[in-house]
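S.K.: Take this structure, written in structure tokens, and hold onto it; I'll ask about it next.
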Amino acid sequence: MSYIIRPWALKDLKAVMRLIRESASLHKALDQVKTTPEILRDDGFREDTTFGCLVAEVPPEQRSKEGDTVVGYQFHYLTYCTWDGHILFGEDLYVLPDFRGKGIGSGLLAKAAKIALAKGCSQIRFISANWNQPATDFYTKLGALNVTIRDNWNLCSIEKEHIRRLAEQARK
4 MSYIIRPWAL KDLKAVMRLI RESASLHKAL DQVKTTPEIL RDDGFREDTT
54 FGCLVAEVPP EQRSKEGDTV VGYQFHYLTY CTWDGHILFG EDLYVLPDFR
104 GKGIGSGLLA KAAKIALAKG CSQIRFISAN WNQPATDFYT KLGALNVTIR
154 DNWNLCSIEK EHIRRLAEQA RK
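This note's numbering applies: residue 4 is where the sequence shown begins, and numbers increase by one.
Below, the structure is given as structure tokens:
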């Protein structure tokens, strides 16, 4: 199978949004998707962009049954670990089911690894659903360690209303 991995462009907004929604549906979380193409455009293409996105694109003759040539994506952003320095956080990696097992997911992560090295990152971190054994196996094959098991860390999140309440407590 022929494909290219490239940084996304404005022309990819609709396709990436479709893939985000498909990924969320797979996780039975479609109702949780609040981003829009406009939000992605504003955050992903400004001068001080919030994140990066890579897309996997196949030639038109290999497009999906639905006619799509963008068949996968990988979102990432830079963060920092006080113990280990710069980290690339992989927010999302998704490849259409009919295109899995063809090296596209590995290709997306390999390109993300090049970005991580260029940015001086010591790690690529990401979250994987505990029920998604094929994804766990895929990441393990690439050298990923399950730090939840190894280090006994819990991932926590303070969300919208609680953020507001917490901010109200900040000293002026």
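No residue lacks a Cβ here, since even glycine has one placed at the ideal position from N, Cα and C.
Alpha carbon to alpha carbon, how far is Asp101 from Gly146?
M.R.: Taking the sequence shown and counting its residues from 1, one reaches residue 101 at position 98. Taking the sequence shown and counting its residues from 1, one reaches residue 146 at position 143. When rounded, the distance between both Cα atoms is 24 Å.
S.K.: Near Asp71, which residues of its chain fall below 8 Å by C-beta distance, leaving aside the five closest residues on each side in sequence?
M.R.: Locating residue 71 in the sequence shown gives position 68, counting from the first residue. These residues qualify, in order along the chain: Ala18, Arg21 and Leu99.
S.K.: In whole angstroms, give me the CA-to-CA distance for Thr151 and Cys84.
M.R.: For the purposes of this step, residue 151 is identified with residue 148 of the sequence shown, where counting begins at 1. For the purposes of this step, residue 84 is identified with residue 81 of the sequence shown, where counting begins at 1. Looking at the two C-alpha atoms, the distance is approximately 16 Å.
S.K.: Within the same chain, show all residues whose beta-carbon is closer than 8 Å to that of Ser26, passing over the 5 residues directly before and after it, in chain order.
M.R.: Looking up residue 26 in the sequence shown gives position 23. So the list reads Asp95 and Tyr97, once near-sequence residues are dropped.
S.K.: Considering only the alpha carbon of each residue, which of Asn133, Gly110 and Leu81 lies closest to Glu60?
M.R.: Within the sequence shown, residue 60 is the residue found at index 57, counting from 1. Comparing Cα positions, the closest option is Gly110.
S.K.: From the DSSP output, which residues share a beta bridge with Leu13?
M.R.: On the sequence shown, residue 13 is found 10 positions in, with the first residue counted as 1. Answer by DSSP bridge pairing: none, since Leu13 is not bridged.
S.K.: Please report the distance separating the alpha-carbon of Thr82 from that of His89.
M.R.: On the sequence shown, residue 82 is found 79 positions in, with the first residue counted as 1. On the sequence shown, residue 89 is found 86 positions in, with the first residue counted as 1. Looking at the two C-alpha atoms, the distance is approximately 6 Å.
S.K.: State the Cα-Cα distance for the pair Pro10 and Gly93, rounded to the nearest angstrom.
M.R.: Locating residue 10 in the sequence shown gives position 7, where the first residue counts as 1. Locating residue 93 in the sequence shown gives position 90, where the first residue counts as 1. About 14 Å.
S.K.: Note down the Cα distance separating Arg49 from Pro62, rounded to an integer number of angstroms.
M.R.: Along the sequence shown, read from residue 1 onward, the residue named residue 49 stands at position 46. Along the sequence shown, read from residue 1 onward, the residue named residue 62 stands at position 59. Roughly 28 Å separates the two Cα atoms.
S.K.: So, helix, strand or coil for Phe141, using DSSP?
M.R.: Walking along the sequence shown from the start, residue 141 turns up at place 138. Helix, per DSSP.
S.K.: Would you tell me roughly how many angstroms separate the C-alpha atoms of Arg24 and Ala173, rounded to the nearest one?
M.R.: Indexing the sequence shown from 1 puts residue 24 at position 21. Indexing the sequence shown from 1 puts residue 173 at position 170. The alpha-carbon atoms of Arg24 and Ala173 are separated by roughly 36 Å.
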